[in-house]
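Peer 1: Please read through the structure below; I'll follow up with questions.
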Amino acid sequence: MTNPLAIAAVTAVFKDILENHLIHDLITTSVGGVSVTALPPDRISIGTDEHAQINLFLYQVTQNRNVDWVSQELRQHSDRLTKEVLSKNLPLALDLHYLLTVYGAKDFQAEILLGYVMQLLHETSILMQDSIYTALKNASTVNTSSVLSQALATVSISDLAEQIRQIKISPEFFNMEETSKIWSILQTQYRPSIGYQISTIILNN
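Following the numbering used here, the numbering of the sequence shown begins with 429 at its first residue and continues without gaps.
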């Protein structure tokens with residue numbers, strides 16, 4: 429049985445990648461302290477309260493209709509299921525779409541952060557099970573009072589990492605019309621941003 433926490437877990441892994449690399453990278457010496465959040469953009473403080481920040485927002489979930497990929501997953505991990513069960517209860521394969529936005533109170537902070545993040549995610553575009561497990565472990569211990577940490581305390585992180593198994597991070601480039609539509613829906617002031625797709629998350633009973 430798969431765990432419905434998989435979607436939240438992927439967001440946590442994504443956030444942990446950014447946080448850990450920022451801590452160990454010299455970029456913080458040029459832009460100062462940088463916070464990484466996973467909030468709706470309209471909840472980010474801007475204007476006089478704005479500071480160096482990277483925000484992840486899951487704005488869309490779509491079905492992955494790559495039947496061949498799903499079939500391969502079934503062959504590898506559902507060998508004991510009968511054809512009858514498979515025909516009635518195929519797994520739900522999902523792609524997660526994130527809006528990654530950068531903020532800065534000073535000149536060039538946002539541009540530096542955007543370039544850094546894009547290079548980082550280009551170099552670490554595929555995460556395997558071990559990395560996913562480590563990231564989830566970090567997420568469960570950094571803030572034990574958080575909603576995510578309390579949710580993770582009720583499940584096996586090892587099993588959850590095994591369920592996710594692998595994630596692929598791919599950039600999604602918006603044209604001006606698409607960008608305008610997204611930010612109009614969000615009803616907040618525009619900041620430099622880029623889309624990322626994470627594939628593929630499997631949910632199944």
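The C-beta atom is built at its ideal place from N, Cα and C for all residues, glycine as well.
Beta strand (DSSP E) containing Ala521: first to last residue?
Peer 2: Taking the sequence shown and counting its residues from 1, one reaches residue 521 at position 93. Taken as a continuous stretch (DSSP letters only), the beta strand (DSSP E) holding Ala521 covers Leu520 to Tyr531.
Peer 1: Provide the residue span of the beta strand (DSSP E) that contains Ser621, from first to last.
Peer 2: The sequence position of residue 621 within the sequence shown is 193, counting from 1. Residues Ser621 to Leu631.
Peer 1: Classify Lys565 as helix, strand or coil using the three-state DSSP reduction.
Peer 2: As a working mapping, residue 565 is identified with position 137 in the sequence shown. Here Lys565 sits in helix by DSSP.
Peer 1: Using DSSP's beta-bridge definition, name the partner residues of Gln491.
Peer 2: Position 63 of the sequence shown, counting from 1, holds the residue named residue 491. According to DSSP, Gln491 bridges with Leu522.
Peer 1: Tyr561 and Ala579: beta carbons closer than 7 Å?
Peer 2: Here residue 561 is taken as the residue at index 133 of the sequence shown, counted from 1. Here residue 579 is taken as the residue at index 151 of the sequence shown, counted from 1. Contact: no.
Peer 1: Go to Lys609, then tell me how far its alpha helix (DSSP H) extends in each direction, as first and last residue.
Peer 2: Start at 1 with the first residue of the sequence shown, and residue 609 comes out as number 181. From DSSP, the alpha helix (DSSP H) with Lys609 extends over Met604 to Leu614.
Peer 1: Give the secondary structure of Gln537 by DSSP, where H, G and I count as helix, E and B as strand, and everything else as coil.
Peer 2: Here residue 537 is taken as the residue at index 109 of the sequence shown, counted from 1. In this structure, Gln537 counts as helix in the three-state DSSP scheme.
Peer 1: Answer with buried or exposed for Asp444, where buried requires no fewer than 16 other C-beta atoms within 10 angstroms of its C-beta.
Peer 2: Working through the sequence shown from its first residue, we reach residue 444 at position 16. That one is buried.
Peer 1: Starting from Ile455, trace the alpha helix (DSSP H) in both directions and tell me its first and last residue.
Peer 2: Start at 1 with the first residue of the sequence shown, and residue 455 comes out as number 27. Start and end: Ile455 to Val459.
Peer 1: Would you call Ile613 buried or exposed, if buried means 16 or more other Cβ atoms sit within 10 Å of its Cβ?
Peer 2: Here residue 613 refers to the residue found at position 185 of the sequence shown. So Ile613 ends up on the exposed side.
Peer 1: Measuring only the C-alpha atoms, how far is Thr569 from Ile554?
Peer 2: For this step, residue 569 is matched to residue 141 along the sequence shown. For this step, residue 554 is matched to residue 126 along the sequence shown. Between Thr569 and Ile554, the C-alpha separation is close to 24 Å.
Peer 1: From Arg656 to Asn483, what does the alpha carbon distance come to, in whole angstroms?
Peer 2: Only positions 429 to 633 of the chain appear in the structure, and residue 656 is not among them; the question remains open.
Peer 1: Between Ser458 and the rest of its own chain, which residues show a CB-CB distance below 8 Å, the 5 nearest in sequence each way excluded?
Peer 2: Here residue 458 is taken as the residue at index 30 of the sequence shown, counted from 1. Counting only residues of its own chain and dropping the five nearest sequence neighbours on each side, Ser458 has a CB closer than 8 Å to the CB of Ile540.
Peer 1: Tell me the DSSP secondary structure of Asn431 in three-state form.
Peer 2: As a working note, residue 431 is residue 3 in the sequence shown. It is coil, neither helix nor strand.
Peer 1: Check Phe485 in the structure and name its three-state DSSP category.
Peer 2: Your numbering for residue 485 matches position 57 in the sequence shown. Here Phe485 sits in strand by DSSP.
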